[in-house]
Amino acid sequence: MAVNSKKIAVYVLVVFVLYVIITDPAKAADYVQIAFEGISDAAKSIGDFFTWLADGAE
């Protein structure tokens, strides 16, 4: 039963994403940009943390 719920949730999410892309491409592009900026900032923070650790955590 959980697998079916997961498939339904993914299907609904895909339909919603396609709807947003079709109805308002500019806003969809803004959402993608925000998501990539968030991922980039997170990766940079992880890199800074490991650099700090490698430098002796000072």
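In the working numbering, the protein residues as written are 1 to 58. A virtual CB, placed ideally from N, CA and C, is assigned to each residue, including glycine. The model shown is predicted, which means the values in this text are computed figures rather than measured ones.
Q: Give the secondary structure of E37 by DSSP, where H, G and I count as helix, E and B as strand, and everything else as coil.
A: Within the sequence shown, the letter at position 37 stands for residue 37. Three-state result, E37: helix.
Q) Say the cut is 8 Å; is the CB of L18 nearer than that to a heavy atom of the ligand MG? A) The ligand MG is absent from the structure shown, which contains no ligand whatsoever.
Q. Out of curiosity, what's the CA-to-CA distance linking F50 and G38?
A. In the sequence shown, residue 50 corresponds to position 50, counting from 1. In the sequence shown, residue 38 corresponds to position 38, counting from 1. Answer to the nearest angstrom: the Cα atoms are 19 Å apart.
Q.
Could you compute how far the alpha carbon of A42 sits from the alpha carbon of A28?
A. The count along the sequence shown starts at 1 and reaches residue 42 at position 42. The count along the sequence shown starts at 1 and reaches residue 28 at position 28. Approximately 21 Å between the Cα atoms of the pair.
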